[in-house]
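Here's the structure we're looking at; comments come further down.
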Amino acid sequence: MIDKDFLLQKIWGSWTGKIAGGTFGMPVEGRRRNYITTLQPPLSGWSKHHKQAINDDEQYELISILALEALDDEEFAERLEAGTLLEPDYLGPYWLKYLLPQYVFTAEKAAYENAKNGVPWEHAGDYVYEHEGKVFGNEFADWIGAQMKGELYGMLLPAWGWYDATKENRNSKDDLKLLKPCLDLSLQDALIAHREVGIVGELFISAMIAVAIVHNQYECNEELNFPESEITKWVPDPNNPKGFKKEGQKFEGFSQQIHQVGICSETIINDIKRIEAVLLDFASVVDSISVEDVQLYFSFINPIIIDFIEKPDSRDWESVWLTINIRWWEFEGDMIKNAITDLKDYPTILEKRLQSIRYSKKAHTLFNNSAIVVGLLYGDGDFMQTVRISTEVGCDTDCNAGNAGAILGAYLGQDLIPSYAKRFIRGEIIPGLKEWKDKSLLNLSQRTFAQALRFEPLKN
């Protein structure tokens with residue numbers, strides 16, 4: 015039996031984290047770091063730059079809740095068993111019904127317009143699709159839109175038992191069994207507008223939430239790695255007119271077992287590594303993504319993990335970030351080459367794709383996934399530091415800080431998110447949908463919780 019109070023606290027924490035993080039990053043969405051660091055007052059906490067506003071990042075998961083609520087228990091069970099609970103053909107019409115067009119962008123907008131023009135929802139996210147003598151496409155299919163909306167499926171289908179296995183007998187096949195219900199549902203949602211690494215981004219976020227929710231925030235036992243240190247002290251020096259000189263003294267790093275509430279980066283790193291192995295296995299048994307897609311996705315995450323393990327110093331995230339910038343420019347060149355090769359027979363689609371690549375760093379799944387992870391690791395369990403770092407790196411700041419905040423909120427639960435993070439957003443989400451007026455995050459969490467309970471008796 016699940017602990018219902020525990021689950022509700024974790025779902026509530028994840029929603030609160032998403033809204034607080036997204037709100038924090040929203041004033042500098044699309045901006046580069048060199049602009050963000052010059053803001054006055056600095057973006058080190060809530061400031062005059064911030065305000066509550068409708069955020070398109072938050073609307074799609076609300077629609078999925080509406081789509082689930084519309085099913086009676088028999089329909090719910092039948093669709094779940096058939097693997098069609100939120101397939102594009104079912105979920106897509108809810109997009110058309112509830113989305114406000116002025117809050118629909120990039121891949122979602124392309125899919126939305128494709129569907130309105132008669133393209134079947136299952137193909138609305140295709141890079142190229144020929145329909146009734148016309149050519150349609152979605153040049154943003156690998157962008158950030160799926161990643162930004164993956165939290166809900168981890169809330170609905172947590173990975174119960176994730177922390178039960180000992181290190182000696184863990185394997186990715188067992189972990190896949192725990193995460194597969196979440197990944198299956200997340201995949202259905204992702205396919206509505208995304209392909210390749212765009213899909214992997216949503217699966218990663220869903221899996222992180224599914225794992226974070228089952229973490230016991232009151233029993234955090236981990237071996238913490240402390241960085242090297244150096245102090246400066248004054249020592250006697252008869253040759254110095256003052257009689258003293260400065261001398262540095264270095265201390266080696268060390269590890270120490272800790273027991274605390276909350277979460278630390280070592281646990282998050284272990285979870286990310288296990289999730290990577292799970293997604294590689296998952297990619298080998300589904301047709302929608304490839305092992306190469308997963309490997310590409312984590313090529314923007316693993317350098318951050320390696321650097322943090324080698325030097326777990328929270329001051330070092332800026333130098334780590336430079337390596338990711340270099341990785342991006344290599345990848346952008348590959349995108350251009352692939353587009354020219356793959357789309358040469360579709361000149362209009364090719365031109366759109368090349369135009370999108372010019373601006374893709376701001377809102378591509380890759381690079382922005384790095385921003386989430388650098389915030390989580392170098393924020394080291396501190397909510398405001400996590401969303402600040404995920405914001406300060408720049409680009410799609412509200413998506414990145416929202417994802418990072420949701421993950422950390424799921425690890426911490428509502429009770430351990432500091433009041434400083436919660437007070438400004440007032441326990442509210444500002445909905446931008448037709449027919450959704452309720453702003454209460456508690457009510458949203460309870461509605462999410464109610465849907466999560468529907469899955470429990472139907473799990474295999």
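Just so you know, the sequence shown maps onto residues 15 to 474 in the working numbering.
Cβ coordinates follow ideal geometry from the N, Cα and C atoms, glycine included.
For clarity, every value in this text was computed on a predicted model and none was experimentally measured.
Beta-bridge partners assigned by DSSP to Thr246: Gly262.
For the set Gly35, Ile283, Val149 and Tyr167, the Cα lying nearest the Cα of Ile227 is the one of Tyr167. Counting along the chain, Tyr143 sits inside no alpha helix (DSSP H); it lies in the beta strand (DSSP E) bounded by residues Tyr143 to His145. Note on the stretch 165-220: whole alpha helix (DSSP H) runs with a minimum of 4 residues are 165-170 and 186-204, in chain order. Secondary structure at Ile303: coil, using DSSP grouped into helix, strand and coil. Excluding five sequence positions before and after Gln274, the CB atoms of its chain that fall closer than 7 Å to its own CB belong to Cys234, given in chain order. Per the C-alpha coordinates, the member of Val407, Ser220, Glu88 and Glu470 positioned closest to Arg47 is Val407.
Residue pairing of Gly408 in beta bridges, as defined by DSSP: Arg46.
DSSP, read as helix, strand or coil, puts Cys234 in strand. Among the bridge pairs identified by DSSP, Glu442 is matched with Ser454. Collapsing the DSSP output to three states places Lys32 in a helix. Under the three-state reduction of DSSP output, Phe119 falls in the coil class, being neither helix nor strand. His137 has no beta-bridge partner at all, per DSSP.
Rounded to whole angstroms, the Cβ separation of Pro102 and Leu205 is 6 Å, and the two are in contact under 8 Å.
Contact check for Arg367 against Glu153 passes: the beta carbons are separated by less than 8 Å.
Buried is the label assigned to Pro172, since at least 16 other Cβ atoms lie within 10 Å of its Cβ. When the alpha-carbon of Leu422 is set against those of Phe438, Lys436, Phe397 and Ser454, the nearest one is in Phe397. The beta carbons of Phe312 and Gln270 sit no closer together than 8 Å. In the DSSP assignment, Val292 falls within the alpha helix (DSSP H) that extends over Ser279 to Ala297. Closest by C-alpha distance to Ile431, out of Thr246, Trp29 and Glu470, is Trp29. Counting along the chain, Lys148 sits inside the beta strand (DSSP E) bounded by residues Lys148 to Phe150.
Look at the beta carbons and you see the stretch 52-72 touching the stretch 27-42: at least three pairs across the two are nearer than 8 Å. Selection Val401, Val211, Ile219 and Arg184 evaluated against Leu199 yields Ile219 as nearest (Cα-Cα).
The three-state secondary structure of Trp60, taken from DSSP, is coil.
As DSSP reads the structure, Ile272 sits in a beta bridge with Glu236. Sequence-distant Cβ neighbours of Val305 in its own chain, meaning closer than 7 Å and more than five residues away, are Leu294, Ala297 and Ser298. Leu357 sits in coil when the DSSP states are folded into three classes, being neither helix nor strand. Spanning the alpha carbons of Asp452 and Ala124 requires a straight line of approximately 28 Å. A Cβ-Cβ contact shorter than 8 Å links Ile223 with Met169. The stretch 189-203 makes no contact with the stretch 135-151, as fewer than three CB pairs between them are under 8 Å. The residue from Arg468, Lys448, Lys473 and Leu472 with its alpha-carbon nearest to that of Leu76 is Lys448. By a beta-carbon distance limit of 8 Å, Gly441 does not contact Ala418. Their separation comes to about 20 Å. Relative to Glu146, the option among Val133, Trp157 and Ala155 whose CA is nearest is Val133. Measuring C-alpha to C-alpha distances from Thr98 to each of Glu290, Ile444 and Asp203 identifies Asp203 as the nearest. Lys32 is a Cβ neighbour of Glu72, given a cutoff of 8 Å. Contact between Ser459 and Leu22 holds, since their C-beta atoms are separated by about 6 Å, short of 8 Å.
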